Amino acid sequence: MKLDARTRQRLLSMLWVLALFLLWELICRLFGVTDLVLPKPSQVFKVLIERLPALMPHATQTLFTTLVGFGLGVLVGILIGVMIGSSRLAYDVAYPLLVGFNSIPKVAVVPIFVVWFGAGTVPAILTAMTISMFPVVVNVATGLATTEPELEDVLRALGASKTDILWNVGLPRTMPYLFASLKIAISLAFVGSVLSETVAANRGIGNVMMIASGNFDVPLVFAGLFILAFLGVALYGIFSYIEHRVTGWAQRKTEFAM
Amino acid sequence: MNPTFIELDRVSLRYPGGDVLALSAADMKIGEGDFVAVVGPSGCGKSTILKLVAGLIPATTGNVMVGQREVRGPSKGVGMAFQNPTMLPWLTVRDNVMLPLKIVPPFRQGYASKKKTEFADRAEALLKQVGLAGFGDKRPWQLSGGMLQRASLCRALIHEPRLLLLDEPFGALDQFTREELWAIMQSLWMDRKPTVILVTHDLREACYLGTRIYMMSARPGRILEICDVDFARPRTLPMTFAPEFTAIVKHLRMQIADSRGVALEAA
């Protein structure tokens with residue numbers, strides 16, 4: 001049977017992932033590692049399948065808070081990024097503030113959100129939003145700032161307003177930067193929402209893992225981790241695909257061109 | 259001479275924060291529909307003149323007049339082309355050429371409805387004139403440097419500007435491509451007769467294209483000499499090897515050597 005290079009490469013990478021899980025399983029069995037320390041993957045999958053009906057609402061909750069937080073983060077991120085990228089004054093004022101804000105560990109912010117909005121969904125959304133905003137701001141601002149000065153001269157000599165330049169040149173040029181940041185932001189959004197659920201919530205995967213570790217139910221903790229990893233990879237994949245479709249011009253592939 | 263369209267009256271420019279004058283007391287009078295070339299050593303403020311005329315930077319002292327009006331801020335509808343063709347990579351070549359129609363009135367009002375029909379035809383006709391027929395649907399990165407520069411000229415001319423400002427548009431091209439583009443530039447100008455200011459390092463280019471050549475000194479840029487070139491048009495490549503033509507080129511070259519303080523015999 002003959003396979004083309006792409007399919008072979010995919011198959012090979014899947015085999016490698018499988019091999020890693022097998023190795024894990026083997027090590028656990030050979031050295032008799034107890035479940036309390038490191039459960040076997042087979043056991044994790046068993047728990048995952050058995051408890052899936054109970055876990056599903058939590059997974060949905062986490063996915064929901066992550067996506068809403070991510071959406072808001074991207075929206076606010078783009079707005080701030082456009083502001084910073086197109087005005088020198090805004091850059092000078094907002095950039096140090098943003099860097100300062102980003103340096104604060106988000107785990108320290110969650111209790112403040114809880115005080116303001118109560119435990120549960122809202123703090124999770126807000127944490128996901130604040131954590132996923134930063135890469136979007138930085139990348140959008142960078143994209144706008146790299147507009148060629150000569151092109152700007154061409155447009156200004158035509159009588160283009162700042163908005164004309166932003167719409168026709170600045171924003172399209174920023175698209176590859178924006179999509180690169182979305183892939184990072186979606187992973188960060190998961191970190192934010194789960195973090196908040198761990199601290200203060202009664203629903204969501206973070207909460208499940210918190211309770212499970214309190215009960216020394218380590219296989220369930222790992223089942224939660226697997227769900228998170230799966231959701232993260234799936235969303236990353238979706239954004240990679242959209243990126244490829246929307247900003248193919250930046251990748252200069254010949255198959256896109258024709 | 260044609261009625262005056264552009265006038266520089268003792269214009270000087272000092273860039274903010276710099277102590278050197280980029281341009282010193284420049285006087286220029288350019289008639290409507292003239293093709294003027296500005297030559298000089300690098301750093302003599304040639305490009306500065308274009309930016310002043312386009313209103314992209316204000317003069318430190320003196321007046322810049324375009325079409326009987328003083329320039330105070332960015333102009334409207336002036337075509338510009340640079341050494342770097344700056345095509346937008348996410349648009350096709352045709353859409354790149356049509357970019358000014360999106361911005362300059364009265365075209366911008368009808369852009370949405372005419373971009374597929376009238377405007378696209380117009381861009382296609384212009385592309386054909388510069389030898390890019392059939393390349394409208396390509397992406398900029400699929401074109402060579404010379405082809406991109408042709409497209410850049412189309413973009414500068416699509417909206418039929420009265421004023422065209424060219425900043426070393428052929429500077430990055432090889433000699434043969436460059437000479438082909440001179441002929442194309444000449445025919446574009448002869449068809450439409452916009453007023454053109456061409457900034458260049460290439461003295462043969464200036465003599466081939468220009469009706470009048472302004473010669474500038476090294477920094478601080480001053481206008482050293484004005485030289486009229488009266489060869490009949492359309493000018494051809496063989497003409498550039500005629501003795502009268504090379505005499506002008508040689509004269510200009512010696513002037514530049516003088517202004518740089520370098521003796522050519524010694525170099």
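Residue numbers (my numbering), protein chains in the order written: chain A, 1 to 258; chain B, 259 to 525.
Think of the CB as a built atom: it goes at the ideal place given N, C-alpha and C, for glycine as much as any other residue.
Every value quoted in this text rests on a predicted model; they were computed, and no experiment measured them.
Ranked by Cα distance from B:M443, the options B:E265, B:A295 and B:I288 are led by B:A295. Classified as exposed, A:I27 has fewer than 16 neighbouring CB atoms from the shown chains inside 10 Å of its CB. At the C-beta level, A:A108 and A:A201 stay beyond 7 Å of one another.
At a cut-off of 7 Å between beta carbons, B:M405 makes no contact with chain A. Ranked by Cα distance from B:S475, the options B:T469, B:D486, B:T498 and B:R511 are led by B:R511. A Cβ-Cβ separation of about 6 Å places B:L431 in contact with B:Q407 under the 8 Å criterion.
Chain A places no beta carbon closer than 7 Å to that of B:G275, leaving this residue out of the contacts. DSSP places B:G337 outside any alpha helix (DSSP H); the residue lies instead in the beta strand (DSSP E), whose first and last residues are G337 to F340. A Cβ-Cβ contact shorter than 7 Å links B:I484 with B:Y472.
Interface flag for A:R156 against chain B is set, since a Cβ pair is found closer than 7 Å. Taken through DSSP and simplified to helix, strand or coil, A:V221 comes out as helix. A straight-line Cα-Cα distance of about 13 Å links B:L346 and B:D395. Excluding its 5 nearest sequence neighbours in each direction, B:A391 has C-beta neighbours in its own chain below 7 Å: L385, listed in chain order.
Every beta strand (DSSP E) of 3 residues or more that sits fully in the region 393 to 425 of chain B is shown, in chain order, as 421 to 425. Nearest C-alpha to A:R245 among A:V221, A:N102, A:M175 and A:I227: A:M175. Under the 7 Å criterion on CB atoms, B:M338 is classed as interfacial with respect to chain A. Cβ contact annotation for A:G224 (same chain, cutoff 6 Å, sequence separation greater than five): I205, V208 and M209, in chain order. About 15 Å separates the beta carbons of A:G73 and A:A141, which is beyond the 8 Å limit, so they are not a contact pair. The C-beta distance from A:F113 to A:P123 rounds to 4 Å, short enough to meet the 8 Å contact threshold. Interface residue (Cβ-Cβ distance to chain B less than 7 Å): A:P57 is not classified as such. Taking C-alpha positions only, B:L281 is separated from B:P299 by approximately 13 Å. The alpha-carbon separation between B:L308 and B:L424 amounts to approximately 8 Å. In chain A, no part has a C-beta under 8 Å from the C-beta of B:W440; the shortest such distance is about 21 Å. Boundaries of the beta strand (DSSP E) around B:I455: T453 to T458. Counting the other CB atoms within 10 Å of its CB gives A:W249 a total of 16 or more, which places it among the buried residues. For B:L266, the enclosing beta strand (DSSP E) starts and ends at T262 to L271. When the five nearest sequence neighbours on each side are left out, the beta carbons in the same chain lying within less than 7 Å of the beta carbon of A:P39 are those of V218, P219 and F222, in order along the chain.
Excluding the 5 residues flanking it on each side, B:K374 has no same chain C-beta neighbour closer than 6 Å. Taking a beta-carbon distance threshold of 7 Å, A:W167 does not count as an interface residue toward chain B. Looking at the backbone, the Cα of A:R173 and that of A:G143 are separated by about 6 Å. DSSP places B:D379 in the uninterrupted alpha helix (DSSP H) bounded by E376 to Q387. In this structure A:S132 touches A:L188 by the C-beta definition: roughly 5 Å separates them, less than 8 Å.
The beta-carbon separation of A:G81 and A:V136, rounded to 6 Å, stays under the 8 Å limit for a contact.
The beta carbons of B:S270 and B:T318 sit about 5 Å from each other, so the pair counts as a contact at 8 Å. Its chain contains V297, S300, E426 and G429 as the residues whose beta carbon lies nearer than 8 Å to that of B:H459, once the 5 sequence neighbours on both sides are disregarded; these appear in chain order.
Excluding its 5 nearest sequence neighbours in each direction, B:V336 has C-beta neighbours in its own chain below 7 Å: A312, P419, L421 and L423, listed in chain order.
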